[in-house]
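So the sequence lines, in the order shown, correspond to chains H, E, V and U. All letters in the first sequence, in the order written, are residues 1 to 199 by UniProt numbering. All letters in the second sequence, in the order written, are residues 1 to 199 by UniProt numbering. All letters in the third sequence, in the order written, are residues 1 to 199 by UniProt numbering. All letters in the fourth sequence, in the order written, are residues 1 to 199 by UniProt numbering. Glycine residues also receive a C-beta, built at the ideal position from the N, C-alpha and C atoms. Values in this document were obtained by computation on a predicted structure and should not be read as measured data. Data first, discussion second: the structure below is written as structure tokens.
There are 4 protein chains.
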Amino acid sequence: MRGPGRPRSDQARDAILDAAFQLLEENGLERFTIEGVAARSGTAKTTIYRWWPGKGALAMEALLAHAELTVPTPSTASAVADLRTMLQGIARSFAGATGRVVASIVLAGQNDPATLKVYHEKVVEPRRQRLRDIIERGKSNGEFRGDLHVETLVEAMYGALYTRLLIRFSPLDEAGWMDRHITQLLEGALPRPLCDRKA
Amino acid sequence: MRGPGRPRSDQARDAILDAAFQLLEENGLERFTIEGVAARSGTAKTTIYRWWPGKGALAMEALLAHAELTVPTPSTASAVADLRTMLQGIARSFAGATGRVVASIVLAGQNDPATLKVYHEKVVEPRRQRLRDIIERGKSNGEFRGDLHVETLVEAMYGALYTRLLIRFSPLDEAGWMDRHITQLLEGALPRPLCDRKA
Amino acid sequence: MRGPGRPRSDQARDAILDAAFQLLEENGLERFTIEGVAARSGTAKTTIYRWWPGKGALAMEALLAHAELTVPTPSTASAVADLRTMLQGIARSFAGATGRVVASIVLAGQNDPATLKVYHEKVVEPRRQRLRDIIERGKSNGEFRGDLHVETLVEAMYGALYTRLLIRFSPLDEAGWMDRHITQLLEGALPRPLCDRKA
Amino acid sequence: MRGPGRPRSDQARDAILDAAFQLLEENGLERFTIEGVAARSGTAKTTIYRWWPGKGALAMEALLAHAELTVPTPSTASAVADLRTMLQGIARSFAGATGRVVASIVLAGQNDPATLKVYHEKVVEPRRQRLRDIIERGKSNGEFRGDLHVETLVEAMYGALYTRLLIRFSPLDEAGWMDRHITQLLEGALPRPLCDRKA
DNA sequence: GAGTAAGCGAGACGGTACGTCAAGTCTTACA
DNA sequence: TGTAAGACTTGACGTACCGTCTCGCTTACTC
């Protein structure tokens, strides 16, 4: 049921993606070269160019293939607890090798909108959706305000993650950071009225 | 009181920084080359390498020299209003050419910690400090809760800016987003108690 | 009476040789590629490699199959006249597309002795033999000296042809040059004695 | 009196031409690669491309720089003797390494008219001129016929050389070949009249 | 004012990687 | 078994920049 011709070698494909991911971890994208991937993977440069248009796309696919992007989606009775679990999972993965690779991808994406678009579709959007779902659940069960703007909350939560990853205000693995961040996002900055629930 | 030898040419220096900034705007950092800067500025590569260690440092200095990074620090009676003014100013500057250059620099910094460090010291930290000052003022005058964690709020506010700049969740010049973002950061996500101040 | 399996396709063979000859005419051997022949002929590279060991051999066979190398062998009473007829025929064919292809083949042969050997056997030797025959006839009937060294004359005659073809001292289609060349080869360079037959 | 900038390195130039000549001798032009020359000479590919447009031109210059193309121009009382001396010298040089390189050059020239043109100007034409001079001298002093067509004789003499080099009718170092060839060119092929000077 | 010490432009140098082309081999589906 | 299709490794192509290195020339300060 397949056309004629030698079928694509999965062995080559895997070797390329493995090598690409390793090199991305080791060097970052700046010193990530197609030539290097070819050498490390034992394949030919042409084979790489046959299947990927450039380093951005290759790095992207290497990330998707290898990184543990599949942070578990928690689903307990408490939306707040689920938020904490999920975001801390992402923070953990960003703090390690995956984070370095993600940073590379985003970097590549600046001059390669196609790659950034794929990253959005495959990584960012699915996660945002899961976050949205949890928040909506929180709105339904009264954990959150009914007039909460979901997108804005999502953005604020992700924003801190990506900013620590890329701008490095402070380390991603700082103890208690994520917890404190979430708490304050939820509680806001304004003074509590006298009859505050915590009063 | 200066040693012997021909003094450094300010004309060359300016021509280099001008050319660098232009090329950064036009091409992003990926296609930003020392060779290109030399050609555009009419100087010799040697001259560039004499004064800057690499493209990261040059780009950094070109940014600092040209971009209107000096957003005015507002100082009215209302800390909340000042926050809005300041952050909207930054958003505006990020939405234009400066934003593209900043993105380039920050991402280049992923593989060039020295450059990123300079960016922190010269750009990020001063702004964060101004933000902290405003927030502290708000705490003092009762606009904000007394137990507010200032750093966390600063990070949340900047996070959204940088994330829109780098990850491009949504455009930086979307009408009203900054306002909405700030409002929600201040109000939090939890339900308002019955005796809410707005009730 | 043939073994099992699909028989060789003459259609493919012809398409390959046609395409090869066309490409040889168009580009010369330098830019003559097996890949190009496969594309132009609509066959697979595999098929070409199954039947020919390399580009030299293929070009050779394409030449033999298509070029009008079969200059008519004249045979009149006058050996001298026959020589002129034959050599002028070859000159004419060398002056056109065939000449370019022959030049390609011969020069390719510099690094591919097998191909050059085939060219000798299939093209050069038969023609030289015909030339020898004519000259021998001339010796028999008194047109030429009895102690003439035939091989040397053959070589002198061919030499001029190939040299114009390959070194391009002068164009192959220069009017009258072949005639003049033959005449002088026959008459020699020495002064005519007083009782010269023309005296 | 030289412009600014680092002067061209003669060391690099010589290393390149040496390496090129060696590789030409070893492999012929077919397997002669710029990459190989760079490796052998210890220079960078870019340096080669800076000074030579392609392999044809490089091979050409390597030949001119190294080959003993300066066959001595004899000048004795006898033009015939001088012809023999000169042509035998060329034959000797063609029979060795120089010959292989010359063959390569001519080959390259088929698809690179500029290279062939240089070869004409620098090698072929000077030699032809020297041959012409000798022949004219022979005409003047009565060794040759007064109505001898000089160009044709030159061509016939060279033709045999290049043809043996390229077509390989017979080896260039066959004993006595050149002598016999010259003799017959001079004496012609026609029967000697009764009062022939040799009679 | 001669000497000396930088800075400057130009541009050649050894390199690395680029993205492309073709070579020749191999593996499939189909005839 | 032959053929078209097409993926594979290999190796060279010619180009773009890298960062370094002479050069000749231009300013200064210093003796």
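Practice task
Measure the Cβ-Cβ separation of A189/E and L148/H and say whether it is below 8 Å.
Solution key: On the second sequence, position 189 is the one that residue 189/E refers to. On the first sequence, position 148 is the one that residue 148/H refers to. Taking the C-beta atoms as reference points, L148/H is found nearer than 8 Å to A189/E.
Practice task
For H149/V, name the three-state secondary structure that DSSP assigns.
Solution key: In the third sequence, residue 149/V corresponds to position 149, counting from 1. Residue state for H149/V is assigned as coil, using DSSP reduced to three classes.
Exercise for the section: Run down chain V in chain order and give the residues with a C-beta less than 8 Å from the C-beta of Y162/U. Expected result: Mapped onto the fourth sequence, residue 162/U falls at position 162. Here the neighbours are G159, Y162, T163, L166, I167.
Handout entry: Nearest-angstrom Cα separation, counted from L24/H out to Q11/H
Key = Working through the first sequence from its first residue, we reach residue 11/H at position 11. Working through the first sequence from its first residue, we reach residue 24/H at position 24. Near 20 Å, if we compare the C-alpha coordinates of L24/H and Q11/H.
Handout entry: is_contact[E136/V, chain U] using C-beta, thresh 8 Å
Key = Locating residue 136/V in the third sequence gives position 136, counting from the first residue. False, the Cβ-Cβ gap to chain U never drops below 8 Å.
Handout entry: Check whether L107/E and L107/H have beta carbons under 8 Å apart
Key = Taking the second sequence and counting its residues from 1, one reaches residue 107/E at position 107. Taking the first sequence and counting its residues from 1, one reaches residue 107/H at position 107. Contact flag set, yes.
Exercise for the section: State the Cα-Cα distance for the pair T43/U and I90/H, rounded to the nearest angstrom. Expected result: On the fourth sequence, position 43 is the one that residue 43/U refers to. On the first sequence, position 90 is the one that residue 90/H refers to. Here the alpha carbons of I90/H and T43/U stand approximately 50 Å from one another.
Problem - For A59/H and K198/H, the rounded distance between their alpha carbons - result: By 1-based counting over the first sequence, the position of residue 198/H is 198. By 1-based counting over the first sequence, the position of residue 59/H is 59. Because K198/H carries a pLDDT of 47, less than 50, the predicted location of this residue cannot be relied on, and the following value inherits that uncertainty. Their Cα atoms are separated by approximately 49 Å.
Problem - Continuous alpha helix (DSSP H) assignments of at least 4 residues falling wholly in the UniProt domain "HTH tetR-type" (10-70) of chain U - result: When DSSP assignments are scanned along the UniProt domain "HTH tetR-type" (10-70) of chain U, the uninterrupted stretches of alpha helix (DSSP H) that are 4 or more residues long and fall wholly within it turn out to be 10-27, 34-41, 45-51, 55-66.
Practice task
Just the C-alpha distance for residue 277/H and R92/E, rounded to the nearest angstrom, thanks.
Solution key: Nothing in the structure corresponds to residue 277/H, since chain H is present only between 1 and 199.
Problem - Collapsed DSSP secondary structure at G3/H in the structure displayed - result: As a working note, residue 3/H is residue 3 in the first sequence. For G3/H, the three-state secondary structure derived from DSSP is coil.
Practice task
Grab me the residues of A20/V's own chain with a C-beta within less than 7 Å of its C-beta, minus the 5 sequence neighbours each way, in chain order.
Solution key: As a first step, residue 20/V is located in the third sequence; it is residue number 20 there, counting from the start. Here the set comprises V37, L58, A59, A62.
Problem - Sequence-distant residues of the same chain with beta carbon closer than 8 Å to R40/U, five excluded per side - result: Numbered from 1 along the fourth sequence, position 40 holds the residue referred to as residue 40/U. For R40/U, where only same-chain residues beyond five positions count, the Cβ hits under 8 Å are A19, Q22, L23.
Handout entry: Closer than 8 Å to chain H by CB, Q184/E
Key = As a position in the second sequence, residue 184/E is number 184, starting the count at 1. Under the 8 Å criterion on CB atoms, Q184/E is classed as interfacial with respect to chain H.
Practice task
Output yes or no for whether 8 Å exceeds the beta carbon distance between T73/H and R137/H.
Solution key: As a working mapping, residue 73/H is identified with position 73 in the first sequence. As a working mapping, residue 137/H is identified with position 137 in the first sequence. Going by C-beta atoms, T73/H is not nearer than 8 Å to R137/H.
Handout entry: Contact list for F144/V against chain U, beta-carbon separation under 8 Å
Key = Locating residue 144/V in the third sequence gives position 144, where the first residue counts as 1. Within chain U, the residues near F144/V are A189, L190, P191.
Exercise for the section: Could you tell me whether the Cβ of E30/E comes closer than 8 Å to any Cβ of chain H? Expected result: Within the second sequence, residue 30/E is the residue found at index 30, counting from 1. It does: the Cβ of E30/E has a partner Cβ on chain H nearer than 8 Å.
Practice task
With distances taken Cα to Cα, identify the nearest neighbour of A65/V among P53/V, V101/V, N27/V, T76/V.
Solution key: Translated into positions along the third sequence, residue 65/V becomes position 65. Checked all of P53/V, V101/V, N27/V, T76/V; the closest Cα to A65/V is V101/V.
Handout entry: Cβ-Cβ distance between Q88/V and M157/V below 8 Å
Key = As a working mapping, residue 88/V is identified with position 88 in the third sequence. As a working mapping, residue 157/V is identified with position 157 in the third sequence. Not in contact: Q88/V and M157/V (Cβ atoms no closer than 8 Å).
Problem - Supposed contact pair T115/E and G56/E - C-beta distance, whole angstroms, cut 8 Å - result: Taking the first residue of the second sequence as position 1, residue 56/E is located at position 56. Taking the first residue of the second sequence as position 1, residue 115/E is located at position 115. Yes, G56/E and T115/E are in contact; Cβ-Cβ is about 4 Å, under 8 Å.
Practice task
Flag A114/E as yes if its beta-carbon sits less than 8 Å from any beta-carbon of chain H, otherwise no.
Solution key: One-based indexing of the second sequence puts residue 114/E at position 114. Closer than 8 Å: no.
Exercise for the section: Starting from S78/V, find everything on chain U with Cβ-Cβ shorter than 8 Å and list it in chain order. Expected result: Along the third sequence, read from residue 1 onward, the residue named residue 78/V stands at position 78. The premise fails here: S78/V is roughly 13 Å from chain U at the closest Cβ pair, so nothing lies under 8 Å.
Exercise for the section: Measure from the C-beta of S104/V to each C-beta in chain U and report whether the shortest distance is under 8 Å. Expected result: Here residue 104/V is taken as the residue at index 104 of the third sequence, counted from 1. For S104/V, at least one C-beta of chain U is nearer than 8 Å to its own C-beta.
Practice task
Have a look at M1/V and W51/V and give me their C-alpha separation to the nearest angstrom.
Solution key: As a position in the third sequence, residue 1/V is number 1, starting the count at 1. As a position in the third sequence, residue 51/V is number 51, starting the count at 1. Because M1/V carries a pLDDT of 48, less than 50, the predicted location of this residue cannot be relied on, and no value is offered for it.
Problem - Rounded separation between L165/V and A79/V - CA only - result: For this step, residue 165/V is matched to residue 165 along the third sequence. For this step, residue 79/V is matched to residue 79 along the third sequence. Approximately 25 Å between the Cα atoms of the pair.
Handout entry: Outcome for N141/U when other beta-carbon atoms lying within 10 angstroms are tallied against a minimum of 16
Key = Sequence index remark: in the fourth sequence, residue 141/U carries index 141 (1-based). Flag for N141/U reads exposed.
Exercise for the section: Can you tell me which of the three DSSP states T73/V falls into? Expected result: As a first step, residue 73/V is located in the third sequence; it is residue number 73 there, counting from the start. If DSSP states are grouped into helix, strand and coil, T73/V belongs with coil.
Handout entry: Nearest to R168/E (by Cα), restricted to the options T33/E, A103/E, M86/E, T47/E
Key = Here residue 168/E refers to the residue found at position 168 when the second sequence is read from its first residue. When C-alpha distances from R168/E are compared across T33/E, A103/E, M86/E, T47/E, the shortest belongs to A103/E.
Exercise for the section: Compare the C-beta of H66/E with all C-beta atoms of chain H and state if any pair is closer than 8 Å. Expected result: Here the question's residue 66/E lines up with position 66 in the second sequence. Look at H66/E: its C-beta is not under 8 Å from any C-beta on chain H.
Practice task
Taking G28/E and Q110/H to be in contact with their CB atoms under 8 Å, please state how far apart those CB atoms are, rounded to whole angstroms.
Solution key: Mapped onto the second sequence, residue 28/E falls at position 28. Mapped onto the first sequence, residue 110/H falls at position 110. About 6 Å separates the beta carbons of G28/E and Q110/H, which is inside the 8 Å limit, making them a contact pair.
Exercise for the section: Return no unless some Cβ of chain V is closer than 8 Å to the Cβ of A62/U. Expected result: Taking the fourth sequence and counting its residues from 1, one reaches residue 62/U at position 62. With 8 Å as the cut-off, A62/U does not count as an interface residue toward chain V.
Handout entry: Option in I182/U, S170/U, E125/U with minimal Cα separation from residue 220/V
Key = Residue 220/V lies beyond the residue range present for chain V, which begins at 1 and ends at 199; the question has no answer from this structure.
Problem - Cut-off 8 Å between Cβ atoms - residues of its own chain near V154/U, not counting five sequence neighbours on either side - result: For this step, residue 154/U is matched to residue 154 along the fourth sequence. Within the same chain, and ignoring the five residues on either side of V154/U in sequence, the residues whose Cβ sits closer than 8 Å to its Cβ are R128, L131, R132, I135.
Practice task
Flag R180/V as yes if its beta-carbon sits less than 8 Å from any beta-carbon of chain U, otherwise no.
Solution key: On the third sequence, position 180 is the one that residue 180/V refers to. Judged by the 8 Å Cβ criterion, R180/V is in contact with chain U.
Problem - Three-state secondary structure (DSSP) of G142/H - result: One-based indexing of the first sequence puts residue 142/H at position 142. Of the three classes helix, strand and coil, the one that applies to G142/H here is coil, per DSSP.
Handout entry: Where the alpha helix (DSSP H) containing G89/V begins and where it ends
Key = Position 89 of the third sequence, counting from 1, holds the residue named residue 89/V. DSSP places G89/V in the uninterrupted alpha helix (DSSP H) bounded by 79-95.
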